[in-house]
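Below is one structure; the comments refer to it alone.
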């Protein structure tokens, strides 16, 4: 009886719904049997919840197949467009794309991955298999390295524990490599990536946040290696874009991801040990 | 006691979660008090669920404010990119943008609105306030009219009942106007829109689906009125794009939105009264 009661608490139901939706991350279309296998939920319970999720348009059903539904498209789009960092960044991302001709990404750190909040590019964009809402292992990307350079040691350990993450033979694979790379990022203010994520392509990224403090996000330009200029001609506009975005985050309360708030510690925090959010709030007080 | 038990069924919890997330459609950031006001949920129950949704990263919390979270960005992005129609359409949308230079939209009907599955355009895209996952009243848009021309009467009544939907002084506002307009769409195979959605801009759209049958989606080009060509020079490539997309929907099972499956009836269905999905399935059997 106790177990049954527990299984129907609101939290338990939400966890199950989350588990059900997470099952679609990868395959796309799933039958009830496949969903039961992937989630381990009881068949009848899974079926009832799936049908409700279809009614709510979080899923849609075609015959025996379930797929992610239109309401998730809408909520996801709202989540991106209501994001204050994204809103502040948008004009600067377009400007950076116009000025450089390369594909521009805006990304945040989530666990050991980066998640892209925006991607702007012309025809070149189609050649780079990233997408808004998509994720990549942070240490294989320039945006990830730009943020990690200002993250705490605990986060770096997490990143390298997630071993499945290496993308190409040039990807960083040891703590020593990562440490050396992040030292370079802190020295130059930009992170560089050459074929560590995608063969034939490279990126230059700059962290977004108070200089020398925890970065809340990063902006990058990406393009074919033979057309990228790994010097100030590209790094200067990328850094300027990052600074402009940070200056325009609109209401003075810094937007730090919950995961960052929980885990990140500025490497060179002041003696008061105040967090970035505290400091920023003070700036505007 | 019965009421309490009912309030914690999985379906009731999912409905509440959906209500909570829907509250963010518009304002963006909400305090607990605002959420309670908007949803009518009991404060303690709302608070517990919100905190769980934060843990699941469907929401994030900054101080006292809740916002839509990163997991919704991811699920929304997956929903779009796993969509088979979208996948089939993508290369043709880029081709249409390259060929015309205008902003290209792919949209489906959802209730009385269209929801955009993709938007492709260069600098011009920023001037048009549509977005992937965003919605507009169907009868004010070319894509909407292209789909409605092949929808059932019941749907047309729904569309015009949603009166809040008119966007500009040129928007369609009566059933007679809508009927006349949809007759033109069926005669020409394309829908035209001039400043009915956005002052200074126009669109040409073509329905995607078996010709003369229910349309499952539509594709359009949009641009400044003074640069649009409302004749075959633009309508021909738009129609060709719609045909190509429909031919390439990849696995033979037509992708019709659940709402379309429930409501749409081909205006000129054959004597067997078979649905579009039945017919398409037969094609590939």
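Protein chains in written order, with UniProt numbering: chain A, 1 to 285; chain B, 1 to 285. Even glycine gets a Cβ: it sits at the ideal position worked out from N, Cα and C.
May I ask which residues mark the beginning and end of the beta strand (DSSP E) holding residue i?
i                      : result
residue 105 of chain A : 103-110
residue 220 of chain A : 217-224
residue 60 of chain B  : 59-62
residue 120 of chain B : 113-120
residue 129 of chain A : From DSSP, residue 129 of chain A is part of no beta strand (DSSP E); its letter is neither H nor E.
residue 89 of chain B  : Taken as a continuous stretch (DSSP letters only), residue 89 of chain B belongs to no beta strand (DSSP E), being part of the alpha helix (DSSP H) at 84-100.
Considering only the alpha carbon of each residue, which of the options lies closest to residue i?
i                      : options                   : result
residue 221 of chain A : A/184, A/113, A/95, A/150 : A/95
residue 243 of chain B : B/217, B/136, B/109       : B/217
residue 60 of chain A  : B/80, B/194, B/102, B/52  : B/80
residue 238 of chain A : A/105, A/215, A/200, A/78 : A/105
residue 205 of chain B : B/38, B/31, B/8, B/190    : B/190
residue 232 of chain B : B/100, B/50, B/19         : B/100
residue 147 of chain A : A/70, A/65, A/219         : A/219
residue 131 of chain A : A/155, A/76, A/178, A/154 : A/76
residue 31 of chain B  : B/19, B/65, B/230         : B/65
Where does residue i land, buried or exposed, given buried means 16+ other C-beta within 10 angstroms?
i                      : result
residue 187 of chain A : exposed
residue 44 of chain A  : exposed
residue 241 of chain B : buried
residue 276 of chain A : Residue placement at residue 276 of chain A cannot be trusted, given a pLDDT of 34 that sits under 50; what the coordinates show is reported in the next sentence. Residue 276 of chain A is buried by the Cβ-count criterion.
residue 74 of chain B  : buried
residue 196 of chain B : buried
residue 174 of chain B : exposed
residue 283 of chain B : Since pLDDT at residue 283 of chain B reaches only 32, below the 50 mark, its modelled position is unreliable, and the value read off the structure follows with that caveat. So residue 283 of chain B ends up on the exposed side.
residue 193 of chain B : buried
residue 113 of chain B : buried
residue 157 of chain B : exposed
residue 26 of chain A  : exposed
residue 286 of chain A : With chain A covering only 1 through 285, there is no way to say anything about residue 286 of chain A.
residue 155 of chain A : buried
Please report the straight-line C-alpha distance between residue i and residue j, rounded to a whole angstrom.
i                      : j                      : result
residue 129 of chain B : residue 182 of chain B : 25 Å
residue 63 of chain A  : residue 23 of chain A  : 18 Å
residue 10 of chain B  : residue 15 of chain A  : 11 Å
residue 125 of chain A : residue 119 of chain A : 8 Å
residue 12 of chain A  : residue 21 of chain B  : 18 Å
residue 172 of chain B : residue 198 of chain B : 13 Å
residue 17 of chain B  : residue 234 of chain A : 45 Å
residue 111 of chain B : residue 121 of chain B : 26 Å
residue 40 of chain B  : residue 46 of chain B  : 9 Å
residue 264 of chain B : residue 134 of chain B : Reliability of the predicted coordinates at residue 264 of chain B is poor, the pLDDT of 37 falling under 50, and no value is obtained from them.
residue 209 of chain A : residue 246 of chain B : 46 Å
residue 207 of chain B : residue 109 of chain B : 11 Å
residue 117 of chain A : residue 184 of chain B : 41 Å
residue 34 of chain B  : residue 28 of chain B  : 11 Å
residue 38 of chain B  : residue 57 of chain B  : 21 Å
residue 36 of chain A  : residue 42 of chain A  : 7 Å
residue 8 of chain A   : residue 49 of chain A  : 12 Å
residue 258 of chain A : residue 152 of chain B : Note that residue 258 of chain A has pLDDT 37, beneath the 50 cutoff, so the model's placement of it is unreliable and no number is given.
residue 144 of chain A : residue 107 of chain A : 8 Å
residue 363 of chain A : residue 140 of chain A : Look at the range of chain A in this structure, 1 to 285, and you will see that residue 363 of chain A is not part of it.
residue 225 of chain A : residue 102 of chain A : 11 Å
residue 115 of chain B : residue 201 of chain A : 34 Å
residue 53 of chain A  : residue 160 of chain B : 28 Å
residue 211 of chain B : residue 91 of chain B  : 21 Å
residue 223 of chain A : residue 98 of chain A  : 14 Å
residue 72 of chain A  : residue 127 of chain A : 26 Å
residue 55 of chain A  : residue 176 of chain A : 51 Å
residue 167 of chain A : residue 178 of chain A : 15 Å
residue 51 of chain A  : residue 180 of chain A : 51 Å
residue 19 of chain B  : residue 136 of chain A : 31 Å
residue 70 of chain A  : residue 236 of chain B : 30 Å
Assuming residue i and residue j form a contact by the criterion Cβ under 8 Å, report the distance between their Cβ atoms to the nearest whole angstrom.
i                      : j                      : result
residue 142 of chain A : residue 203 of chain A : 4 Å
residue 93 of chain B  : residue 249 of chain B : No, residue 93 of chain B and residue 249 of chain B are not in contact; Cβ-Cβ is about 14 Å, not under 8 Å.
residue 214 of chain A : residue 150 of chain A : 5 Å
residue 82 of chain A  : residue 68 of chain B  : 6 Å
Give the range of the alpha helix (DSSP H) segment to which residue i is assigned.
i                      : result
residue 239 of chain B : 232-248
residue 208 of chain B : No alpha helix (DSSP H) holds residue 208 of chain B; the beta strand (DSSP E) holding it covers 201-208.
residue 15 of chain A  : 10-22
residue 185 of chain B : 175-188
**Study point:** Contact list for the segment 102-126 of chain A against chain D, Cβ threshold 8 Å
**Key:** Considering every chain present, this structure includes no chain D. Its protein chains are A and B.
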